[in-house]
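Data first, discussion second: the structure below is written as structure tokens.
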Amino acid sequence: MSGYQDVIVAGFGGQGVMLIGTLLAYAAMEDGLNVTYMPVYGPEMRGGTANCTVVVSKDDIGSPIIHLPKSLIAMNRPSLDKFQPRVQDGGVVVVNSSLVDMALADTARVQAVGVPANEIADSLGNTKMANMVAIGAYAQLTGVVPLDVLKASLKKVISPNYAKMIPANEQAIQAGADAVRA
Amino acid sequence: MSGYQDVIVAGFGGQGVMLIGTLLAYAAMEDGLNVTYMPVYGPEMRGGTANCTVVVSKDDIGSPIIHLPKSLIAMNRPSLDKFQPRVQDGGVVVVNSSLVDMALADTARVQAVGVPANEIADSLGNTKMANMVAIGAYAQLTGVVPLDVLKASLKKVISPNYAKMIPANEQAIQAGADAVRA
Amino acid sequence: MMRPVEFREDRCKGCALCMTVCPGEIITMSSRFNTSGYKVVEVRDEVVEECTSCAACALICPDYAVSVWRKPAKAKKGETADVHAG
Amino acid sequence: MMRPVEFREDRCKGCALCMTVCPGEIITMSSRFNTSGYKVVEVRDEVVEECTSCAACALICPDYAVSVWRKPAKAKKGETADVHAG
Amino acid sequence: MSTPGERVLIKGNEAICRGAVDAGCQCFFGYPITPQNDIPEYMSKVMPNLGRVFVQAESEVAAANMLLGAAACGIRAMTSSSSPGISLKQEAISYMGGTELPAVIVNISRGGPGLGDIGPSQGDYYQAVKGGGHGDYRQFVLAPGTVQEAYDLIGKAFDLAFAYRNPVMLLGDAIIGQMMEPVTLGSNKETESNSPDLGWNLTGKGQRDPRLLKSLHLTDGALAGHNLRLRDKYASMEKDVLFENFLVDDAELIVVAFGSIGRIAKSTIRKMRASGKKVGLHRPITLFPFPSRELDKLAAAGKRFLTIEHNLGQMVDDVRLAVRKHADSDFYGQMPGNLPTPEDFEQPILAALGVNS
Amino acid sequence: MSTPGERVLIKGNEAICRGAVDAGCQCFFGYPITPQNDIPEYMSKVMPNLGRVFVQAESEVAAANMLLGAAACGIRAMTSSSSPGISLKQEAISYMGGTELPAVIVNISRGGPGLGDIGPSQGDYYQAVKGGGHGDYRQFVLAPGTVQEAYDLIGKAFDLAFAYRNPVMLLGDAIIGQMMEPVTLGSNKETESNSPDLGWNLTGKGQRDPRLLKSLHLTDGALAGHNLRLRDKYASMEKDVLFENFLVDDAELIVVAFGSIGRIAKSTIRKMRASGKKVGLHRPITLFPFPSRELDKLAAAGKRFLTIEHNLGQMVDDVRLAVRKHADSDFYGQMPGNLPTPEDFEQPILAALGVNS
Amino acid sequence: MKNGKAAFTLPGVLADIPTHYCPGCQHGVAQRLVAECLDELALSEKAICIGSIGCSVFIYNYLKVDSVEAPHGRAPAVATGVKRARPEAAVFTYQGDGDLASIGMAETMHCANRGERVTIVFVNNTVYGMTGGQMAPTTMVGQRTTTCPGGRCADNEGEPIKMTEIIASLGGTAYAARVAVDSVKHVRAAKKAVRRAFEAPLNNLGLGFVEILATCPTNWKMTPVQANKRISEELIPYFPLGTYKNLMGEQAAEGTEVEG
Amino acid sequence: MKNGKAAFTLPGVLADIPTHYCPGCQHGVAQRLVAECLDELALSEKAICIGSIGCSVFIYNYLKVDSVEAPHGRAPAVATGVKRARPEAAVFTYQGDGDLASIGMAETMHCANRGERVTIVFVNNTVYGMTGGQMAPTTMVGQRTTTCPGGRCADNEGEPIKMTEIIASLGGTAYAARVAVDSVKHVRAAKKAVRRAFEAPLNNLGLGFVEILATCPTNWKMTPVQANKRISEELIPYFPLGTYKNLMGEQAAEGTEVEG
Ligand SMILES: Cc1ncc(C[n+]2csc(CCOP(=O)(O)OP(=O)(O)O)c2C)c(N)n1
Ligand SMILES: Cc1ncc(C[n+]2csc(CCOP(=O)(O)OP(=O)(O)O)c2C)c(N)n1
Ligand code: SF4
Ligand code: SF4
Ligand code: SF4
Ligand code: SF4
Ligand code: SF4
Ligand code: SF4
Ligand SMILES: [Mg+2]
Ligand SMILES: [Mg+2]
């Protein structure tokens, strides 16, 4: 399957993982790719961790559910603990090193990249944009979608009432990408 | 099938056709035969005619529903109209001649016997026992169950509160039998 | 004879409710059965003049068996609606 | 130090309801997060003496996070039930 | 309670009641609907006199959930209704299946779909056997063909319900419910299953650990494990399969029919045997578990099959699945709304035999 | 209303809503239950703005009966729920079947039985296809495998409902309902079936004779005649059968799977094809009518079959019945409660192929 | 005297055919009152009748209007669907006490609470008529039925439910009254109430609800005349007649208006 | 100070584990009050809890008593079955407003009307909590929810249903009260009411019913403190607190007793 990529995006409820999953899915669609986005709501209905799976492909996508993903964005420690073991060998793992000790990254097996997402976001004025930093880093690392398409898709996931936040989010995406540029 | 007999008992709602059907069924059981009794409640839930089918046999009884019966007790005209055409050739048809013009009996095809059941019952003091007269006549004509077993079964179908009515009903059964004795 | 009240015998079920509301108590149970097997009520000729056309019997009758007309003296011309039309 | 009131930090969800009912207004939001990620409340040492053991905070708390003891002066001997036993 | 050996002439509906009472049914929850009204009416008279429970529920939904409550207590309990009312009980039946509660449900079915009529029909086979409720659960389905069997099987229903901790449905129709036949009573027995503590049921915890009966399984893998266990339980029910074979040994053609249609087809078969036609009858008594092995055996022996039902064709699926390695089954469907008689089946049987009458 | 050709990334639940709105759905009657809550929520926002009707019913029973009322008016109307709620709708569905009303019911099913869980499952196949309600009725059952199909099929659902005057169920699961995919909108069209007078529907009689919509048939033979007509109608639905064949031509083994499991199995099959395994996929899109003829044809061509479902084995009955003249079908059941992934199916496919991995 | 002026006229919307009801059954009167109101308010062309399951199941044979049959107890939900789909129609249900107050309790309460613009005609005969006289939620304490053969026992089965009072207490109800048809005076008052129950929703005020106390001689095991007496002697004292709610701006003093 | 005397003790029947409720959710308080009453009345050994479907679905994890899970809305019917099967048990349901007042309306009404000797604890948070904040029958007019995004509109969706008033009007109800847990005073009064709701059926008088007004900060989209204020500012004025019925021989003046 050409142009195929899949990723689990995971974190605490309030970290906006669903939002960046959707953003990635939009961007892939805008980029002319097939894409699926699947929120996985765990057993606990209230609180707990949230995660979603995004699959991007030039072909039809069979399964929106991935047990052994090619990549992972882990915004907190429980997410890394839970999903890193499932990432395929050599897969990309973006770790929010602001909250997770990079010593936990299985660098022997996967391509783990620490991004101090909260701090970068903080430095841009709003910790809440840590998710954007992470997705920017992820896009940069995998090339799954061009950064500008990602940025252009912000308007699809940020409600019109908050349109004025878009430039800051673009900045955060860029900062994330910059942080991992080789 | 040996010892086999079936009958449709039909009349107006208040004529007690279900009661004599049950009585016949009890008597057959007491006589050591297999028996089924099936009330057929027609399309109208209120008013209209009532009928039931009793099947008596030494063997297991397959169907409690008989489309083409061997015999018929017709307590009123609509019953005769509806069921006489279905009676098998040569079958016994007891007609309550108090209410039905015997000219309607298809004597060419079936063995139709008129019994002035209401009048006989009246003469015994209670028109309501016309049903007993009819079943007495029927038992006499077909020999399906002995008359004494029929009479002895009255206590099964007449509630204890009305036990004092039993002798009169026995009389009515006997009168019905006497009316058709060859 | 002019009868201000008539009973449709094929409809009457002999429930006797009309008998209980007639102010003149002129409705009585006949000895006739209709084709459905019900005894039917009647206002006998002897008493029919006592009918005031009050329509109480018709209002209480559950079976639409009663027709009542105003006494001619009171009826205006041209109004000849048949009760059971339609 | 003897604290008449204690907050089980693992239970507290930082809802702040206790803060609104404390007559002495001595409960404040700490800057600590517990393992579940909630900020937790506290009664700071400076004010803990003002606690009257009224238990208002415990009664209003939806998460059974508060333990309150009577001031020793009032406590009878032998009654040392642990709040969370059982 | 009946005297053992007592012989009475009663309706199927009454036989079900007396069978249930003899089997120790402690609670009955009902709602009126034709043609099963005799059941709540009888129970309303008898149960209170025995110090047992009769409740006329506000609806079939409520009746089924009252049953769920009583069953959770490990008490022998029952509800009854007819087709539309049984549809309303489907959610509760699925819950009782999922919660593994022993409960007995009687369906004296009538003509459908919708309000249909009040006559006999077998239109609820699918609903009963495949599960009209949501999710993967199965219930025992017992289909009596005589009033005696109605009495006997309701006793068996309670025993199976408790043996497997599972809902059991007794599926009759207006014929079975309304007809009277002689019945010998007294064989149904209350077993120890009505004792207060069965190890799983709610009694008030007393000194022991609390018990919980539920069908929600949210922790990872819990529901899957539960479903696997249920699957095994359903497979194990096979050993309680019941059926009647009638003149099958030398038969070329075997009519497969259940309940009242089974017994009516028997009349037809007797008559056709008299004229030398080699026809037999296989009458499944448990519709779930279905007597697939027996049918497979008969198919392997070279028999041909005709399934007769009082519906548009439902059980015929299970017959075809059962015999598919060796044979197939023809089908004749009596339309609900027409009362079935032995004569109705002659032509279809001749046709299946390949005889032109 | 969508602009034709508009391309959006939406959840299956939203696609169903937008598809229904585009198809001229005038009335929606809902009740909350996970995982279909997006549907009533979306409809509550959009319908009133379009001057259409959104009612949150007091229960699923009420919602289904509101649907019955609106459908009797010949108005395009819909309800949606998930498994336990669908069980509660069975009586009304049987009534709508019997009364021949065009109504669309969406089941975004979840794990069962009972309360089960809120994850995906195909445990309601039997209920949907065999009829969880009483009596002989059938409903169209459409099972989308993609969000695009969810949009397209809900439009088709309305068309079929009115073409046949029959209930139509769209059967999805939590995967179809919750996943987002790009969808091209605008192909669903309101047809003339939303016109005020269709010749049978209730409009207030005006100057014409009164109309009556009912399922009660008490006069002699009426219900039987009605059931015969229904049987013929159900048989005629065959012409609207829908399915997808994927790489079946040279396949030795055909996996039969529907809905989300069908699409997931496709991933597995792609992967196995890459390693030279001759596997194909047959994905029924209409579960009723079932693509039996196509499967029979494939069986006649010598294919072998493996049915994969997310339940204990339900559709496999229909597959086996369809292919029984020539073949049989193996079965692999993913337990409800476990999320299915393409890897889960490799082993069963290899086993069915007779390959030891 | 056929060419005199009619002192009593049957409404044109009522089919002139014999009814299937038992002798003395007041369903006949109740459905005639509905028909009279349909005629007087000129509603027959835009009326849609939601039939229910009970002895009145054949009401569609008697009222010449568009009709649909609702499952047992669900008429108020069906009516909601019909009215929302056809807001211009005059939608009404006709339901018995088993149907409305037992299995249909939730649908009745919520239809009223939402203030659906529909009319509910509720015929309370304290028993399940059609199925053979079982206990209803409205069965009087002590009344024997086929499922409370010893008489309804308040302690075990509860007291008879007073639906009109409950419905009147709900916000969406515009009109609620209880009437009887056991006397000429009551029949006249009942007619008024039925009319208002139709007018309230037509005036877009909310639900119109009218409870009609009626006899079931067959299942009460009484003659029609005895049964009719029972209405005033036993039923009315427990189920007081009167207007319990009326948003149409008329005097709505309890127990007075529609009795007069 | 652990060896001082406890000024507040958690009931032993309450499992000492964290709850799954959102911060500030008053289900936590409500279920604690139930637990306290179970302890005080020494009922834990003979109690049977009927759980319902809603955010409180896991109540069986918190109350260490025998429990069964009822389908959505059907807890009163399940409770009836349990109580009739085990008359010696102390049977109670714990239900939300969607569960009790919407889908479960018929079961609630008839359980009360029959006077089942069970306790119903009704937690009214004006919204469907578990499923994500949809409109409930008790949602306030104007309140925005996920299925009335423009705010509940009385004209279209009706007014919030006052269950306690309705339940109190039914013959089988022995005790009915509405309480809140938004202030210490109210919590204390609520405890009394819950206790009486348990005592009434245990005294064989009929149903015990207590409605607890509670917050759902998550779905109200408020902080817990704001949500708690809404109870007194918006909810109580519409849903007045008080004892609406009490057959236990105490003064039952409306609006007074349990508030004190
Ligand atoms: C779901 C369902 N349950 C039960 C029935 C059977 N049933 C038909 S009519 C009826 C009761 C009728 O009583 P009521 O509503 O008081 O009307 P009445 O006959 O007294 O006028 C019942 C229970 C049914 N048709 N459907
Ligand atoms: C038959 C059925 N319908 C719907 C649902 C989905 N459901 C679960 S909880 C709930 C509502 C809960 O609201 P409420 O009773 O107010 O409890 P809360 O969560 O607010 O405490 C619903 C509709 C279900 N489980 N079963
Ligand atoms: S119209 Fe009046 S007076 Fe005349 S018969 Fe009828 S009730 Fe009697
Ligand atoms: S009220 Fe009507 S049906 Fe009854 S007796 Fe009088 S005329 Fe006949
Ligand atoms: S009330 Fe309880 S949970 Fe809330 S802040 Fe205070 S201690 Fe913490
Ligand atoms: S016990 Fe009373 S005074 Fe002490 S902290 Fe709690 S509320 Fe404040
Ligand atoms: S059974 Fe009762 S309600 Fe039904 S028609 Fe007869 S009298 Fe009327
Ligand atoms: S959603 Fe509402 S009711 Fe549910 S736990 Fe959270 S705050 Fe409580
Ligand atoms: Mg009634
Ligand atoms: Mg709630």
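Going down the list, the protein sequences come from chains A, B, C, D, E, F, G and H. Quick note on numbering: my numbering labels position 128 of the first sequence as 128, and the sequence is numbered without any gaps. Each number in my numbering corresponds to the 1-based position in the second sequence with 1000 added. Each number in my numbering corresponds to the 1-based position in the third sequence with 2000 added. Each number in my numbering corresponds to the 1-based position in the fourth sequence with 3000 added. Each number in my numbering corresponds to the 1-based position in the fifth sequence with 4000 added. Each number in my numbering corresponds to the 1-based position in the sixth sequence with 5000 added. Each number in my numbering corresponds to the 1-based position in the seventh sequence with 6000 added. Each number in my numbering corresponds to the 1-based position in the eighth sequence with 7000 added. The beta-carbon is built from N, C-alpha and C at its ideal position, and this holds for glycine as well. No experiment lies behind these values; they were computed from the predicted model shown.
Within chain G, H6110 and N6113 have C-beta atoms less than 8 Å from the C-beta of P7137 of chain H, given in sequence order. Residues of the region 4252-4277 of chain E that bring their beta carbon within less than 7 Å of a beta carbon in chain B comprise R4263, I4264, K4266, S4267 and R4270, in sequence order.
At a C-beta separation below 7 Å, L5339 of chain F has these neighbours in chain A: I65.
Listed along chain G are Q6134, M6135, T6147, C6148 and E6157, each with a C-beta nearer than 8 Å to that of Q4056 of chain E. Separation of S97 of chain A and V4141 of chain E (C-alpha to C-alpha, rounded to the nearest whole angstrom) is 60 Å. Residue contact check for G3014 of chain D against chain H: a CB pair falls below 8 Å. M1075 of chain B places its beta carbon 8 Å or farther from that of G1021 of chain B. In this structure V7082 of chain H is in contact with A4070 of chain E, their Cβ atoms being roughly 7 Å apart against a cut-off of 8 Å. The three-state secondary structure of V6091 of chain G, taken from DSSP, is strand.
R5211 of chain F is classed as buried because its beta carbon has at least 16 other beta carbons within 10 Å across all chains shown. Taking CB atoms only, I5086 of chain F has no neighbour in chain H less than 8 Å away. Listed along chain H, the residues sitting closer than 8 Å to K5045 of chain F by beta-carbon distance are P7149. Checking the DSSP bridge columns, you'll see V7141 of chain H partnered with H:R7152. Think of a sphere of 9 Å around the beta carbon of E6069 of chain G: the chain E residues whose beta carbon falls inside it are G4114 and L4115, in chain order. Residues of the region 5221-5234 of chain F whose Cβ lies closer than 8 Å to any Cβ of chain E, in chain order: G5221, A5222, L5223, A5224, G5225, H5226, N5227, L5228, L5230, R5231 and Y5234.
For K3071 of chain D, the secondary structure class from DSSP, reduced to helix, strand or coil, is coil. From the listed residues G:L6207, G:P6237, G:L6241 and G:A6077, the smallest Cα separation to V6118 of chain G is found for G:L6207. The beta-carbon of V1094 of chain B is placed no less than 8 Å from the nearest beta-carbon of chain E. Out of H:V7013, H:G7171, H:T7139 and H:T7146, the CA that lies nearest to the CA of K7162 of chain H is found in H:T7139. Here L5253 of chain F is not near K5214 of chain F, since their CB atoms are 8 Å or more apart.
Taking each of G:V6123, G:P6011 and G:Y6175 in turn and checking the Cα distance to D6039 of chain G, the smallest one comes out for G:P6011. Unbroken beta strand (DSSP E) stretches of 3 residues or longer found wholly inside the region 6026-6104 of chain G: 6047-6051, 6066-6069 and 6090-6096, given in chain order.
Note that the region 6108-6124 of chain G does not touch the region 6061-6072 of chain G; fewer than 3 beta-carbon pairs, one per stretch, sit closer than 8 Å. Neighbours of I2026 of chain C across chain G, judged by C-beta separation under 9 Å, do not exist; the nearest C-beta is about 15 Å away. Taking 8 Å as the upper bound on Cβ-Cβ separation, chain C lies near residues S6183, V6184, V6187 and R6188 of the region 6183-6195 of chain G. Note: Q1005 of chain B is bridge-paired with B:V1056 in the DSSP secondary-structure output. Listed as beta-bridge partners of V1113 of chain B by DSSP are B:V1094.
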